[in-house]
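Just so we're aligned: the sequence shown equals residues 197 to 910 in this note's numbering. From the three backbone atoms N, C-alpha and C, an ideal C-beta is built for every residue, glycine too. The model shown is predicted, which means the values in this text are computed figures rather than measured ones. Everything below concerns the one structure shown next.
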Amino acid sequence: MLKIKNKINLIGNVLDIGLCEEEYLFADHYYRIYKFSLKEFIFSFSKQVAKNIEPHHRYSKAVSCSMDGYVCMPKTKSSIGSIYKIDENGISVASRLKWHRADISVSVFSKDCKYLATGGEDGRMFIYAHPSHKLSTFLPRRPDYISCIIFDSQSKIVCYASYDLTLTIYDLQKDSLICTIDTPSVIEDMIFFQKDTKIFYVCKSGETGIFNLKTNEDKHQMSLSYWPTKVMLNFDESFAYIGTREDILYIQSLKETSIVFTINLSSKGVTCIKGFDDFIFICFADGSIHIIDRFYKLDEFLKVLNEEGFEAAKIFANEHNVLLKTLEVYTRVKNNSWKEVLKSVTKLLTINQIEEILNITAPYFEDPAKEKEIKKYIEEKSFIQNFLGAFRENDYPKAYEIAIDHPCIKSLNEYQVMEDYFDDIYNLAQQLIARDIASSKEKIQDFLLPFEHIPEKKPLILTLINECDKYLLGEKYAKAKDFTNYFLLITQCPFLKNTQTYQKMYFTCEKMTHQAQDLIAAKKYPKAQEYLNFLATIDPFREFANKFQNYLNNIEKFTEFYKKKDYLGCYKILEVCPEIDSSDEYLALYEEINKVFEETKIIAQKGETVKVYSVLQKFSALKYWKNKIDITMKIAYLYEIKKALKLERTDVDWEESLIEYIKRYGKDDEICELCKTEERLKAILQDLQDIENAPKKISGNINHIQSIIILNKS
197 MLKIKNKINL
207 IGNVLDIGLC
217 EEEYLFADHY
227 YRIYKFSLKE
237 FIFSFSKQVA
247 KNIEPHHRYS
257 KAVSCSMDGY
267 VCMPKTKSSI
277 GSIYKIDENG
287 ISVASRLKWH
297 RADISVSVFS
307 KDCKYLATGG
317 EDGRMFIYAH
327 PSHKLSTFLP
337 RRPDYISCII
347 FDSQSKIVCY
357 ASYDLTLTIY
367 DLQKDSLICT
377 IDTPSVIEDM
387 IFFQKDTKIF
397 YVCKSGETGI
407 FNLKTNEDKH
417 QMSLSYWPTK
427 VMLNFDESFA
437 YIGTREDILY
447 IQSLKETSIV
457 FTINLSSKGV
467 TCIKGFDDFI
477 FICFADGSIH
487 IIDRFYKLDE
497 FLKVLNEEGF
507 EAAKIFANEH
517 NVLLKTLEVY
527 TRVKNNSWKE
537 VLKSVTKLLT
547 INQIEEILNI
557 TAPYFEDPAK
567 EKEIKKYIEE
577 KSFIQNFLGA
587 FRENDYPKAY
597 EIAIDHPCIK
607 SLNEYQVMED
617 YFDDIYNLAQ
627 QLIARDIASS
637 KEKIQDFLLP
647 FEHIPEKKPL
657 ILTLINECDK
667 YLLGEKYAKA
677 KDFTNYFLLI
687 TQCPFLKNTQ
697 TYQKMYFTCE
707 KMTHQAQDLI
717 AAKKYPKAQE
727 YLNFLATIDP
737 FREFANKFQN
747 YLNNIEKFTE
757 FYKKKDYLGC
767 YKILEVCPEI
777 DSSDEYLALY
787 EEINKVFEET
797 KIIAQKGETV
807 KVYSVLQKFS
817 ALKYWKNKID
827 ITMKIAYLYE
837 IKKALKLERT
847 DVDWEESLIE
857 YIKRYGKDDE
867 ICELCKTEER
877 LKAILQDLQD
887 IENAPKKISG
897 NINHIQSIII
907 LNKS
């Protein structure tokens with residue numbers, strides 16, 4: 197069961213929850229905004245911001261709340277997004293967003309309150325600076341509705357999904373596309389985890405998936421029987437809680453990528469689920485809100501787990517608070533206990549006690565993988581019995597033969613005992629060779645004879661017997677600490693990697709790599725160079741040594757360029773030595789330039805193009821920042837045009853001005869949206885369609901100018 201600390205019943209169903217000082221912000225589908233104090237359990241504020249208008253869909257994602265007292269509340273059948281600010285003085289309209297050409301389908305504030313993102317039924321995606329709500333960047337448009345948006349924890353990456361069955365990942369720091377992947381069906385919700393390196397998502401048709409940003413690997417499978425709506429992570433990000441349109445809450449293990457628990461809820465249709473400190477707020481389509489104490493009876497649970505073990509703790513959690521079963525300590529105790537249970541299972545299989553096996557393993561069947569494992573053992577019981585019989589009689593060849601045909605046996609403890617035994621005698625055989633090759637061959641053959649017909653072991657045994665001289669030579673090099681010749685021999689005779697000597701030699705060199713890295717981190721470059729010179733002579737570590745020697749050869753040049761503010765020189769070095777991008781020197785450079793761009797974007801949002809152009813010119817030769825320059829200049833151009841329109845300037849040649857814009861960015865949605873309220877500009881845009889050889893968007897580098905506003909010649 198879930199421990200419901202409190203319940204709230206509203207007329208409208210809550211679509212999102214945020215914070216306003218020490219109170220919670222709720223926004224429902226009837227356009228009502230609330231401030232709620234959990235401590236006093238009262239509403240301190242409630243206001244409906246739109247009346248006599250069609251309410252939002254009960255599962256709408258268009259409405260969002262920030263963590264600093266703002267609510268994005270677009271109206272249905274309107275492309276305008278209204279932003280409301282709530283404070284001690286009440287509520288006020290902070291901004292109106294007018295860049296979309298169709299309904300806003302999704303909005304979300306970043307966790308750090310740096311940005312607001314909106315996605316629309318027009319497939320367009322905008323990022324706004326918060327709380328100014330000026331345009332910050334434009335994201336690649338999709339051909340269908342935007343279905344979901346999320347920021348990572350530091351607002352460096354934004355992801356958005358679309359009804360065209362894609363997921364787009366965008367780098368906000370570089371203002372560039374990372375990748376776009378196909379999805380099995382429309383993504384309903386998603387969330388970053390594992391230090392923002394992975395994204396967990398749920399799809400309309402019941403698929404759940406994980407996308408790895410480091411490897412660009414996407415894995416998904418059918419997991420859910422009900423239409424998912426919202427997702428949140430448990431406290432240590434090892435499980436995901438998945439709300440649905442039914443009265444079901446799924447709990448999925450992010451490690452096993454499988455549903456481990458299914459919880460029946462007392463209401464139907466989760467419209468929002470969010471965690472704040474010790475509490476989880478679950479909002480339903482009927483207007484109710486359940487406030488769950490996620491750590492209810494934690495101390496008692498840990499005591500039961502420690503003193504009485506897994507089974508008693510499971511019963512306790514099921515009775516009082518099922519969410520306690522998502523704690524890492526519970527999973528660890530369960531898995532350790534399972535190893536002991538499996539030992540009993542093998543004993544019971546020998547005497548055909550299937551019912552008893554099911555009795556002792558049933559408590560663990562909340563993990564589908566464990567249930568599957570036991571069912572496989574029962575299906576293969578006759579073969580397992582034969583295997584155990586051979587094992588007890590020390591007939592390892594027969595036991596191995598059975599295990600090869602029935603792989604489930606390889607997870608039994610007895611099989612591991614055989615593997616350990618083989619490793620022991622194989623290592624002993626290697627030691628005998630090193631001592632006296634002439635008298636050892638016969639002993640080695642006697643030791644290894646029982647295993648020579650086992651397919652997995654035969655190549656190892658034959659190699660050991662037939663290549664005794666190579667083993668002896670390897671030992672000779674190792675004793676002399678001749679690393680260069682030893683690893684050269686390994687290249688010629690890779691079978692030597694199976695020896696303990698190889699493990700020792702490799703570990704010694706690996707330790708040197710760590711020492712070299714520590715010295716580089718401490719900027720003790722001469723000493724680090726000594727290690728690298730040595731490692732460069734050893735084959736498995738040559739690539740490592742060359743990479744860090746390249747680093748040492750370039751880091752001082754990089755530092756000199758940085759001190760001179762020669763940014764182009766810095767980035768040229770970065771091209772030949774990408775490892776520098778993790779150095780303190782590069783991070784300082786990056787922060788310095790990024791700060792300039794952040795400050796310049798604020799100037800761009802005022803339409804002060806001349807100032808923006810002046811600042812960004814010195815970065816124009818840097819490919820890394822090209823996209824950011826182009827987007828910042830575009831923002832400046834748009835706001836410059838907007839400012840000129842607002843001032844009703846009569847000295848502007850609007851046709852030439854629009855042509856200059858179109859040369860650089862084409863006749864894009866943003867310029868069309870800006871001109872649609874001005875009949876004169878709208879007509880100019882229309883006429884430009886009919887002009888032969890009309891200016892086209894320039895591909896590649898954009899030739900920026902100090903002002904997009906061209907004055908009349910007269």
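Supposed close pair residue i, residue j - CB separation, criterion 8 Å
i: Ile438; j: Val427; result: 6 Å
i: Leu812; j: Tyr763; result: At roughly 12 Å, the Cβ-Cβ gap does not stay under 8 Å, so Leu812 and Tyr763 are not in contact.
i: Glu250; j: Lys273; result: 7 Å
i: Ala712; j: Tyr727; result: 4 Å
i: Leu211; j: Ser256; result: 6 Å
i: His326; j: Ser262; result: 7 Å
i: Asn205; j: Gly483; result: 6 Å
i: Asn742; j: Ala732; result: 6 Å
i: Ala223; j: Met269; result: 6 Å
i: Phe740; j: Thr709; result: 6 Å
i: Lys976; j: Gly803; result: Lying outside 197 to 910, the shown extent of the chain, residue 976 is not represented and no answer is given.
Span of the beta strand (DSSP E) around residue i
i: Ser401; result: Here Ser401 belongs to no beta strand (DSSP E), and DSSP marks it neither H nor E.
i: Lys243; result: 238-244
i: Lys415; result: 413-418
i: Ile279; result: 277-283
i: Asn517; result: Note, Asn517: premise wrong, no beta strand (DSSP E); not H, not E.
i: Asn202; result: 200-205
i: Thr440; result: 435-440
i: Ile383; result: 383-389
For residue j and residue i, the rounded distance between their alpha carbons
i: Asp264; j: Gly214; result: 8 Å
i: Tyr809; j: Tyr758; result: 22 Å
i: Asp777; j: Tyr786; result: 9 Å
i: Lys352; j: Asp308; result: 11 Å
i: Asn889; j: Ala258; result: Residue placement at Asn889 is flagged as unreliable, the pLDDT there being 42, under the threshold of 50; a coordinate-derived value is accordingly withheld.
i: Tyr833; j: Ile904; result: 6 Å
i: Leu420; j: Ser449; result: 13 Å
i: Ile387; j: Trp295; result: 26 Å
i: Tyr397; j: Gly405; result: 5 Å
i: Lys499; j: Val304; result: 41 Å
i: Ile574; j: Ile207; result: 54 Å
i: Arg254; j: Ser260; result: 14 Å
i: Pro891; j: Thr828; result: A caution first: Pro891 carries a pLDDT of 44, below 50, which makes its placement in the model unreliable, though a value can still be read off. In a straight line, the C-alpha of Pro891 is about 22 Å away from that of Thr828.
i: Glu851; j: Phe239; result: 55 Å
i: Lys415; j: Pro603; result: 25 Å
i: Glu663; j: Gly402; result: 56 Å
i: Phe643; j: Pro651; result: 17 Å
i: Leu692; j: Ile661; result: 13 Å
i: Leu907; j: Val792; result: 30 Å
i: Phe334; j: Lys807; result: 21 Å
i: Leu198; j: Glu569; result: 29 Å
i: Asp826; j: Cys375; result: 19 Å
i: Pro380; j: Pro564; result: 23 Å
Span of the alpha helix (DSSP H) around residue i
i: Ala595; result: 592-601
i: Asp495; result: 494-504
i: Thr796; result: 780-800
i: Lys426; result: Not the alpha helix (DSSP H): Lys426 falls in the beta strand (DSSP E), residues 424-429.
i: Cys705; result: 696-717
i: Thr755; result: 735-759
i: Asn623; result: 609-631
i: Gly670; result: 664-675
i: Ala724; result: 721-731
i: Tyr767; result: 763-772
Bridge partners - residue i, DSSP secondary structure assignment
i: Met210; result: Reading off the sequence shown, one finds Val at residue 210, where the question assumed Met. Paired residue(s): Asp224.
i: Cys375; result: Ile365
i: Phe347; result: Val354
i: Thr458; result: Tyr446
i: Gly319; result: For Gly319, which the question treats as bridged, DSSP gives no partner whatsoever.
i: Ala481; result: For Ala481, which the question treats as bridged, DSSP gives no partner whatsoever.
i: His486; result: Lys203, Ile478
Proximity test, residue i beta-carbon vs the ligand PLP heavy atom, cut-off 7 Å
i: Ala325; result: The model depicted lacks the ligand PLP and carries no ligand whatsoever.
#### Entry: Segments of 4+ residues assigned as alpha helix (DSSP H) that fall wholly inside the segment 801-885
The DSSP assignment places complete alpha helix (DSSP H) segments of no fewer than 4 residues inside the segment 801-885 at 805-812, 822-842, 850-861, 865-871, in order along the chain.
### Task
Taking only runs that begin and end inside the segment 535-606, name each unbroken alpha helix (DSSP H) of 4 or more residues, in chain order.
Listed in chain order, the complete alpha helix (DSSP H) runs (minimum 4 residues) inside the segment 535-606 are 550-557, 564-575, 577-588, 592-601.
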